[in-house]
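Enquirer: Following this message is one structure expressed as structure tokens.
Residue numbers (my numbering): 226 to 313.
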């Protein structure tokens, strides 16, 4: 993954336990946890993969390989659902 961008038809609404992503085009919504919310917010700001991983490492006490695996899985799910564009 070299470039990941949120799609313009997706809106995020923060809530106490994370956020809700609303796909305006499909009329679907997705609830994401606080870690997913951190990732989404960084993606909205245009941050690159490594920058986001560094941010997560500073925020959460987890091994780097676990953060990478979780990040890639989450972004893969977002891509599969049509919420982001991933360019390799």
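A virtual CB, placed ideally from N, CA and C, is assigned to each residue, including glycine.
Which term fits residue 276, buried or exposed, when burial requires 16 or more other beta carbons within 10 angstroms of its beta carbon?
Expert: Label assigned to residue 276: exposed.
Enquirer: Once the 5 residues before and after residue 259 are set aside, which same chain residues still bring their CB inside 8 Å of it?
Expert: So the qualifying residues of the chain are 242, 243.
Enquirer: Please classify residue 228 as buried or exposed, where buried requires at least 16 neighbouring CB atoms within 10 angstroms.
Expert: Its Cβ having fewer than 16 others within 10 Å, residue 228 is exposed.
Enquirer: Which residue wins for smallest C-alpha separation from residue 309, given the options 284, 246, 286?
Expert: Of the listed residues, the one whose Cα sits closest to residue 309 is 246.
Enquirer: With DSSP as the reference, please indicate the residues paired to residue 240 in a beta bridge.
Expert: 243.
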